[in-house]
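A.B. asks: Residue numbers (this note's numbering): 84 to 531. Ideal Cβ positions, reconstructed from N, Cα and C, are used throughout, including at glycine. Below is a structure I'd like to ask you about.
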């Protein structure tokens, strides 16, 4: 598939990287030569200097043969006009990144079809939704939901003293076989594997666990954590992400404090978020954070526009005693650092954008795609068609490729966290966790 990506920032780079990994032909467009030089030096893509709002630039990028146009610059208006410029191209799916809350407050302000937009994505709001899920799931590093939340795929670090530590998966299955919980991957020493029965779980392992929504508490207990209620959260930053998160927490009736360094931005958001305590101050001011009770917070979320400030303020909050600390990190190189220094979870708009976009790249029977920070693994939800070679077979008979595992089967309202004897039927939604080397082979099991 030929794909044109307009915008070579963090979101555009990450999406292009994912597309290249899926063997697509990618052209990246940007007005900034230095960004394009970086992209060209690090990714196997073509680059075109110019504005995506110009049809001449889009034609140079091969828009006439493209199947997908992704307008993901940091400027909403540029993204909309880019899609408008290309709306006469036949058989082209257009995706526009639009983040400004103003566009969504009145549906009359934003009619996608009028701009030639097929799909709108809002990475900042998606990030806020993901953060709420993380706050609700104490100690989780990742939370991906499928089937409307009925299936949850959790990233969890194994704590000292955890019941699973030092145990083989086959032994754990014998003891807890009645629990719908399945370890689908183990990340250790920078490598991710799909485990076997004889895989031994160690303290410090990063597990990916599939479970039903009602069994999340059990999954947490097995890796050494106790479920907890979120009553009070402190958020730092005047970013769009901070606005969306504070608004969601307000809706969930969570006591929320929002700390913003820019005085005018603080005043503006104080007027919009009437149930949020909005304060003017520096996110790295230790005395201020302690004065506002960060040590007693159930959650601390650093969402300023500067990674370094987010990491520093998160360290202060963690040291002060905040139960769960979540940090916005844009720069890819900072993700391992955040984990190494003990921060609980990292979130990024580029990952949220990729998750929103990849479903439209992986077409056919794919209904949802989730990717994970710091990993190339994916979780993909497929609908089983009559053409599927595994329809009517048990998992033991299906021969799922090495490097992949079926995490869940959804049949109507029934959710099955499967074992080898469970069967896959036409019409089922099947969630597969796959490493990059197995992704293409997995897709062949689920034709449209």
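Just curious, the beta strand (DSSP E) that residue 177 is in, first and last residue?
C.D. replies: Counting along the chain, the beta strand (DSSP E) containing residue 177 begins and ends at 176-180.
A.B. asks: Helix or strand or just coil, what does DSSP make of residue 266?
C.D. replies: Residue state, collapsed to three classes: strand.
A.B. asks: The beta strand (DSSP E) that contains residue 85, what's its start and end?
C.D. replies: From DSSP, the beta strand (DSSP E) with residue 85 extends over 85-89.
A.B. asks: Leaving out the 5 sequence neighbours to the left and right, which residues in its chain are closer than 7 Å to residue 384 when beta-carbon positions are compared?
C.D. replies: 214, 316, 318, 328 and 409.
A.B. asks: Kindly indicate which residue of 264, 269, 273 and 283 has the alpha-carbon position closest to the one of residue 294.
C.D. replies: When only C-alpha atoms are compared, the closest one is 264.
A.B. asks: In the DSSP output, what is residue 238 paired with across the bridge?
C.D. replies: According to DSSP, residue 238 bridges with 225 and 291.
A.B. asks: Out of 106, 117 and 138, point me to the one whose CA is closest to residue 127's CA.
C.D. replies: When only C-alpha atoms are compared, the closest one is 106.
A.B. asks: Return the residue from the list 510, 489, 505 and 504 that minimises the CA-CA distance to residue 516.
C.D. replies: Nearest C-alpha to residue 516: 489.
A.B. asks: Whole beta strand (DSSP E) runs in the segment 130-202 with 3 or more residues, listed along the chain?
C.D. replies: Within the segment 130-202, the complete beta strand (DSSP E) runs of at least 3 residues are 151-154 and 176-180.
A.B. asks: For residue 411, which of 433, 403 and 261 has the nearest alpha-carbon?
C.D. replies: Among 433, 403 and 261, the Cα nearest to that of residue 411 belongs to 433.
A.B. asks: Which parts of the segment 409-444 are runs of the beta strand (DSSP E), unbroken and 3 residues or longer, counting only runs that do not cross its ends?
C.D. replies: 428-430, all fully within the segment 409-444.
A.B. asks: What residues in its chain sit with their C-beta under 6 Å from that of residue 395, if we drop five residues either side in the sequence?
C.D. replies: Excluding residues within five positions, the ones whose Cβ falls inside 6 Å are 367.
A.B. asks: Please identify the residue among 85, 461 and 335 whose C-alpha is closest to the C-alpha of residue 211.
C.D. replies: The shortest C-alpha separation from residue 211 is found at 335.
A.B. asks: Just list the beta strand (DSSP E) runs in the segment 307-389, keeping only unbroken ones of 3 residues or longer that don't cross its boundaries, in chain order.
C.D. replies: 315-319, 338-343, 360-363 and 382-385, all fully within the segment 307-389.
A.B. asks: Mark residue 205 as exposed unless 16 or more other C-beta atoms lie within 10 angstroms of its C-beta, in which case mark it buried.
C.D. replies: The residue in question, residue 205, is buried, as its Cβ has 16 or more Cβ neighbours within 10 Å.
A.B. asks: Measuring CB atoms only, is the segment 468-479 touching the segment 228-235, in the sense that at least three cross pairs come out at less than 8 Å?
C.D. replies: With a cut-off of 8 Å, the segment 228-235 and the segment 468-479 do not count as touching, because too few Cβ pairs lie within range.
A.B. asks: Around the C-beta of residue 147, are 16 or more other C-beta atoms found within 10 angstroms, so that it is buried, or is it exposed?
C.D. replies: Exposed: under 16 other Cβ atoms inside 10 Å.
A.B. asks: Take residue 111 and list the residues in its own chain whose beta-carbon comes closer than 6 Å to its own, dropping the five residues that flank it on each side.
C.D. replies: Excluding residues within five positions, the ones whose Cβ falls inside 6 Å are 88, 91, 99, 122, 128 and 130.
A.B. asks: From residue 452 to residue 235, what does the alpha carbon distance come to, in whole angstroms?
C.D. replies: Approximately 13 Å, taken between the alpha carbons.
A.B. asks: Would you mind sorting residue 312 into buried or exposed? The rule is 16 or more other CB atoms within 10 Å of its CB.
C.D. replies: It is exposed - the Cβ of residue 312 has fewer than 16 other Cβ atoms within 10 Å.
A.B. asks: Would you give the residue range spanned by the beta strand (DSSP E) that residue 497 belongs to?
C.D. replies: Residues 497-499.
A.B. asks: Assuming residue 429 and residue 421 make a contact with CB atoms under 8 Å, what is their CB distance in whole Å?
C.D. replies: 5 Å between Cβ atoms; contact.
A.B. asks: Using a Cβ-Cβ cut-off of 7 Å (strictly less than) and excluding sequence neighbours within five positions of residue 296, which residues of its own chain qualify?
C.D. replies: Cβ within range, chain order: 232, 233 and 235.
A.B. asks: Considering only the alpha carbon of each residue, which of 389, 176 and 207 lies closest to residue 195?
C.D. replies: When only C-alpha atoms are compared, the closest one is 176.
A.B. asks: What residue does the beta strand (DSSP E) around residue 524 start on, and which one ends it?
C.D. replies: Careful: residue 524 lies outside any beta strand (DSSP E), inside the alpha helix (DSSP H) at 519-526.
A.B. asks: What residues in its chain sit with their C-beta under 8 Å from that of residue 442, if we drop five residues either side in the sequence?
C.D. replies: Contacts found: 449, 450, 451 and 452.
A.B. asks: Among the residues of its own chain, which have a CB less than 7 Å from the CB of residue 511, if the five just before and after it don't count?
C.D. replies: So the qualifying residues of the chain are 467, 492, 493 and 494.
A.B. asks: Whose CA, out of 158, 174 and 179, lies closest to the CA of residue 167?
C.D. replies: Ranking 158, 174 and 179 by Cα distance to residue 167 puts 179 first.
A.B. asks: Would you identify the three-state DSSP class for residue 508, choosing helix, strand or coil?
C.D. replies: DSSP places residue 508 in coil when its eight states are reduced to three.
A.B. asks: Residue 381 and residue 414 - do their beta-carbons sit closer together than 8 Å?
C.D. replies: No, these two residues do not count as a Cβ contact at 8 Å.
A.B. asks: Does the segment 236-250 come close enough to the segment 280-287 that 3 or more CB-CB pairs lie under 8 Å?
C.D. replies: A contact exists between the segment 280-287 and the segment 236-250.
A.B. asks: Can you tell me the Cβ-Cβ gap for residue 362 and residue 290, rounded? I've got them flagged as a contact below 8 Å.
C.D. replies: Actually they do not touch by this definition, with Cβ atoms about 37 Å apart.
A.B. asks: Near residue 151, which residues of its chain fall below 6 Å by C-beta distance, leaving aside the five closest residues on each side in sequence?
C.D. replies: These residues qualify, in order along the chain: 86 and 176.
A.B. asks: How big is the Cα-Cα spacing for residue 356 and residue 157?
C.D. replies: Between residue 356 and residue 157, the C-alpha separation is close to 24 Å.
A.B. asks: Decide if residue 440 is buried, meaning its Cβ has at least 16 other Cβ atoms within 10 Å, or exposed.
C.D. replies: It counts as buried.
A.B. asks: Taking the Cβ atom as the reference point for each residue, do residue 360 and residue 340 lie within a distance shorter than 8 Å?
C.D. replies: The answer is yes: Cβ separation under 8 Å.
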